[in-house]
Structure formats: structure tokens, C-alpha cells
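Asker: Residue numbers (the UniProt record's numbering): 1 to 302. Ideal placement from N, C-alpha and C gives every residue a C-beta, glycine not left out.
(1) Where residue 294 and residue 218 are concerned, what is the direct C-alpha to C-alpha distance, given to the nearest angstrom?
(2) According to the neighbour-count rule (16 or more other Cβ atoms, all chains shown, within 10 Å of its Cβ), is residue 204 buried or exposed?
(3) Let me check understanding here. Comparing Cα to Cα, which of 193, 156, 56, 117 lies closest to residue 99?
(4) Tell me where the alpha helix (DSSP H) around residue 238 begins and ends.
(5) Beta strand (DSSP E) containing residue 10: first to last residue?
(6) Sorry if obvious, but does the Cβ on residue 292 come closer than 6 angstroms to a heavy atom of the ligand COA?
(7) From the DSSP output, in three-state form, read off residue 57 for me.
(8) Let me check understanding here. Comparing Cα to Cα, which of 28, 78, 147 lies closest to residue 61?
(9) Residues in the same chain with beta-carbon distance under 8 angstroms from residue 281, minus the five sequence neighbours each way, listed in chain order, please.
(10) Report yes if the CB atom of residue 250 is closer than 7 angstroms to the CB atom of residue 209, and no otherwise.
(11) What number of angstroms, rounded off, separates the C-alpha of residue 1 from the C-alpha of residue 143?
(12) In the DSSP assignment, find the unbroken beta strand (DSSP E) run with residue 308 in it and report its ends.
(13) In this structure, how does DSSP classify residue 107 when only helix, strand and coil are distinguished?
(14) Do you know offhand how far residue 164's Cα is from residue 115's?
(15) Select from 292, 300, 296, 263 the residue whose C-alpha is nearest the C-alpha of residue 77.
(16) Tell whether a beta-carbon distance below 7 angstroms holds between residue 145 and residue 174.
(17) Name the two residues that bound the continuous alpha helix (DSSP H) containing residue 131.
(18) What span of residues does the alpha helix (DSSP H) with residue 269 cover, start to end?
(19) Could you tell me if residue 107 is buried or exposed, where buried requires 16 or more neighbouring beta carbons within 10 angstroms of its beta carbon?
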């Protein structure tokens with residue numbers, strides 16, 4: 001008979017919640033590497049980036065879905081479809097509600113949608129960002145969250161000060177089926193490097209700009225090639241697409257100063273990701289109303 005210590009589990013989990021509920025930060029903390037972009041702007045995650053948690057007893061693959069919201073554009077509808085598709089394919093769902101915001105209509109909307117999959121897929125209730133409030137507020141938030149639906153388990157966590165992140169990992173792993181590793185040791189994500197690089201550039205471009213930009217910004221990597229005659233340098237050519245020329249000037253900034261800052265910040269993260277020096281060439285183009293145009297959405301990878 002095998003003891004429970006010999007059992008290896010592997011499978012998929014995803015975090016859901018309103019935009020900005022702390023899902024990406026939690027993913028990065030569990031994986032221990034920056035794979036999902038985090039930004040103070042809501043709705044910045046567009047790709048189901050998988051972060052992979054390697055443990056002696058388990059391999060937990062985290063799928064980071066876009067925040068679910070009531071869609072107003074074709075892009076919004078496609079993102080929501082992606083969310084439902086992901087929920088039906090994972091082994092466990094973590095529903096994140098931040099400790100510092102009252103449980104509201106957005107959370108109730110998500111809980112209603114989650115009830116549809118909860119019969120097949122266990123859902124954990126997670127109160128995030130507990131470092132921002134008192135213990136009493138955390139307790140109250142857990143009670144309020146419990147009212148929304150039947151959870152397999154409830155857990156308060158803070159990725160900022162590592163509070164109970166291990167407990168959460170154990171709870172998620174406990175819901176996975178027994179099975180061998182699905183990815184080789186050392187892999188942190190199965191996203192192609194170009195996708196991650198585009199996300200890092202997008203994150204840098206969103207930092208500190210006005211609220212009208214997040215939904216209107218897409219990044220494509222046009223080319224990524226080693227510099228001829230040098231094995232220590234990679235040339236990365238990227239295009240940032242916005243919907244209007246007024247947004248283009250926001251991204252570029254006065255005298256190109258904002259775009260240079262974006263390049264500097266993104267380059268730092270990309271070099272860490274690739275483990276190599278890079279030359280980053282950024283251009284900004286206007287793709288009018290791309291979020292509503294199926295042809296442009298396809299071209300930009302949605």
C-alpha cells in the first residue's frame with residue numbers, strides 16, 4: 001500500500017474575481033516568479049498565462065484568466081467566453097475577494113456564474129489583501145463571502161506579507177487529481193516568450209497613465225532576433241497599438257520621454273526573463289476602434 005506521502009498530484013487551478021482582486025499578484029507569489037502582469041489598473045490581464053508551482057508532492061498549474069465583467073464590446077465578450085471556457089477545464093477554482101472592499105454586485109454576479117460550474121469543480125473562497133485591514137474586518141469579509149455560495153473551503157491570504165499563501169497552496173493541491181508531472185522541472189509558464197514580453201511592455205506602458213488607456217492598449221512583438229555577430233544581444237521590435245491619436249500622444253509623452261521610460265522599465269524585466277541583454281525598439285500605432293473590429297482583434301491575437 002502506498003502511503004499518502006508517495007502520492008503525487010497534478011492539475012490546473014484558476015483564480016477568478018472582480019478586476020483588481022489581487023489574482024495576478026497571488027499567482028506570481030505562488031509561482032515565485034513574475035509571469036502574470038500586475039498593475040494598479042483593473043483589467044490588465046488578457047492572456048490565460050499559466051504559472052507553474054513545482055512541489056515534491058505536486059505540480060499546480062495556475063491559469064490566470066481575465067477579470068469577468070459585463071461586456072460592452074466584442075473584446076469584452078471574447079474575454080468573458082475565455083473565462084467560462086477556463087472554468088470548465090480546471091480542477092479547482094479560487095474565487096478572490098479583496099479584504100478592503102465590501103462584497104458587492106460584481107462579486108454576486110461572479111458567484112452566480114460560478115454556481116453553474118461548482119457542481120463539477122470545487123470552488124475555494126479566498127479573501128485577499130488581508131494586510132490592508134484589521135483582523136475583525138477579515139473575519140467579517142469571510143462571513144460575507146460565505147453568504148455568496150457553498151465553498152469547498154474558505155481562506156484569508158496576503159501575497160504582500162506571505163500570510164497563509166502556503167495554506168492556500170495546500171488547499172488547492174488537495175483538490176487536484178493524482179498524477180505525474182505535466183511540465184518539466186524548472187518551467188514557470190508555458191506561454192511563448194513573445195507573449196510574456198508583449199505583456200511586460202504593456203504593463204510598463206500602463207504604469208501611471210490615465211484611466212482611459214488600459215482597454216485601448218495592445219502590444220505585438222513584430223520580430224525578436226539575436227543581433228548578428230553578437231551572441232549576447234537580442235533585438236526586440238514591438239508595436240504598441242492604441243485606438244485614437246490622442247492616446248498615441250499620451251503613450252509617447254512630451255518629446256518621447258514617456259515612451260523612453262516605458263522602454264527602460266520593460267527592458268529591465270525582459271532581460272531578467274530572457275537572461276540576456278536586449279535592444280528594445282518600440283513604435284506606437286493607431287488601430288482605430290480595434291476592440292470592436294473582429295479583423296483587428298484577430299490580428300492582435302484575440
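Answerer: Concretely, from the data shown:
(1) The residue given as residue 294 occupies position 294 in the chain shown. The residue given as residue 218 occupies position 218 in the chain shown. Approximately 14 angstroms, taken between the alpha carbons.
(2) The residue labelled residue 204 in the question sits at position 204 within the chain shown. It is buried - the Cβ of residue 204 has at least 16 other Cβ atoms within 10 Å.
(3) To locate residue 99, count along the chain shown from 1; it is residue 99. The candidate whose alpha carbon is nearest that of residue 99 is 156.
(4) Translated into positions along the chain shown, residue 238 becomes position 238. Segment 233 to 242 is the beta strand (DSSP E) holding residue 238; no alpha helix (DSSP H) there.
(5) Translated into positions along the chain shown, residue 10 becomes position 10. Where residue 10 is concerned, the enclosing beta strand (DSSP E) stretches over 9 to 16.
(6) Here there are no bound small molecules, and the ligand COA is not part of this structure.
(7) Here residue 57 refers to the residue found at position 57 of the chain shown. Residue 57 falls in the coil class under three-state DSSP.
(8) Within the chain shown, the letter at position 61 stands for residue 61. The option with the nearest alpha carbon to residue 61 is 28.
(9) Along the chain shown, one-based indexing puts residue 281 at 281. Cβ within range, chain order: 235, 236, 237, 238.
(10) Here residue 250 refers to the residue found at position 250 of the chain shown. Here residue 209 refers to the residue found at position 209 of the chain shown. Yes; because the gap between Cβ atoms is below 7 angstroms, this pair is in contact.
(11) Position 1 of the chain shown, counted from the start, is the residue given in the question as residue 1. Position 143 of the chain shown, counted from the start, is the residue given in the question as residue 143. Caution is warranted here: a pLDDT of 48 is assigned to residue 1, below 50, making its placement in the model unreliable, and the coordinate value is therefore given only provisionally. Distance between the alpha carbons of residue 1 and residue 143: 41 angstroms.
(12) Outside the shown range of the chain, which is 1 to 302, sits residue 308, and nothing can be said about it.
(13) For the purposes of this step, residue 107 is taken as residue 107 along the chain shown, with counting starting at 1. It is helical.
(14) One-based indexing of the chain shown puts residue 164 at position 164. One-based indexing of the chain shown puts residue 115 at position 115. About 26 angstroms.
(15) The residue you call residue 77 lines up with position 77 of the chain shown. Considering only alpha carbons, the answer is 292.
(16) Here residue 145 is taken as the residue at index 145 of the chain shown, counted from 1. Here residue 174 is taken as the residue at index 174 of the chain shown, counted from 1. The answer is no: Cβ separation not under 7 angstroms.
(17) Translated into the one-based positions of the chain shown, residue 131 becomes position 131. Taken as a continuous stretch (DSSP letters only), residue 131 belongs to no alpha helix (DSSP H), as it is neither H nor E.
(18) Taking the chain shown and counting its residues from 1, one reaches residue 269 at position 269. That run of the alpha helix (DSSP H) goes 257 to 274.
(19) Walking along the chain shown from the start, residue 107 turns up at place 107. So residue 107 ends up on the buried side.
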